[in-house]
Amino acid sequence: MATPVLDVRGVVKKFGDNYVLRRLDLTVHKDEVVVLLGASGSGKSTLLRTANLLERVDDGQIFLSGQDITDPSVKVDFVRARIGVVFQHFNLFPHLRVLDNVTLAARKVHGVPRGEAEQRGMELLERIGLADKARDYPDRLSGGQQQRVAIVRAVATRPELLLLDEITSALDPVLVGEVLDLVGELKDVGSTVLMATHEIGFARRVADRVVFLQHGVIVEQGPPEQVIDNPTQEATRDFLARVL
Ligand code: ADP
Ligand code: MG
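Numbered according to full-length UniProt numbering, the sequence shown spans residues 1 to 244.
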């Protein structure tokens, strides 16, 4: 049986009287890559933010490896330390060198000694071909290089779950491929990923499951060859016709 890592149960999130997530249920299993598709405003970012406790749910529960992280007594920092997150913009600390960005959480949050953290950090930078940038500040890197550093920073502490929110939407098109290829490689080494993206080709290649959201509800979900190539719902077909 597949082990649930993230289990979203009946989650409601509203801003004022705008219901953004409407009793949403979603389970992401260990080593599964789940891609969220949906028009702008459908609730993808809000779902990712509630999973990382950047937003509080109004109803329902979210479990991380079996623990109810929406319980008010849960320590937010402990939960965040177990989840890696990459957003569209501004992921790296501009005043820290690349290697310090990658090792910061391991050292400060997980108490890994500097030498050990830097050894792993350099291994990760070597894996993405950026070891020679370790002593540079982020603004010396291209947008694609910065996002790849942000991804290895997010996995440096071996999080249980990786949340990626449109990590390539701010990039020059020629840089998108190198970032998505890295996500594909993460999958090969076993990572549990929930990501929002408009890159349909990537979703088709890499996703184990595609989830189509509309107005805070899952309209359709399944393997990419089903949801992307043979959608059963009109909303999914309309969306795909616009982005493909
Ligand atoms: P997506 O990521 O799919 O584009 P979002 O989750 O960002 O969608 O937004 C869903 C809805 O929630 C939108 O109507 C948006 O305006 C609203 N929303 C998101 N964040 C906030 C916020 N902090 N305050 C008020 N409304 C918000
Ligand atoms: Mg969004």
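We put the beta carbon where it would ideally sit given N, CA and C, even for glycine.
This one's a predicted model, so the numbers in the text were calculated from it and none came from an experiment.
- Per DSSP, GLN233 lies in no alpha helix (DSSP H) segment and is marked neither H nor E.
- In the three-state reduction of the DSSP assignment, ASN52 falls in the coil class, being assigned neither a helical nor a strand state.
- Secondary-structure assignment with DSSP links THR27 through a beta bridge to ASP7.
- For the segment 124-202, the full-length alpha helix (DSSP H) segments reaching 4 residues or more read 143-155, 173-188 along the chain.
- Contact between ARG148 and LEU182 holds, since their C-beta atoms are separated by about 5 Å, short of 8 Å.
- Taking the Cβ of THR46 as the reference point, at least one heavy atom of the ligand ADP falls within a distance shorter than 6 Å.
- Taking C-beta atoms under 8 Å as the contact rule, ALA156 and GLY121 qualify, at a distance of about 6 Å.
- Remark: C-beta atoms of GLY216 and VAL20 approach each other more closely than 7 Å.
- Exclusion of the five residues before and after ARG237 leaves PRO231 as the residues of its chain whose Cβ lies within less than 7 Å of its Cβ.
- Check the Cα spacing between VAL34 and each of GLU220, LEU244, ARG242, ALA241: the tightest is with GLU220.
- Nearest C-alpha to ASN91 among PHE15, ARG153, ARG23: ARG153.
- Buried is the label assigned to PRO159, since at least 16 other Cβ atoms lie within 10 Å of its Cβ.
- In this structure, VAL20 has its beta carbon less than 6 Å from a heavy atom of the ligand ADP.
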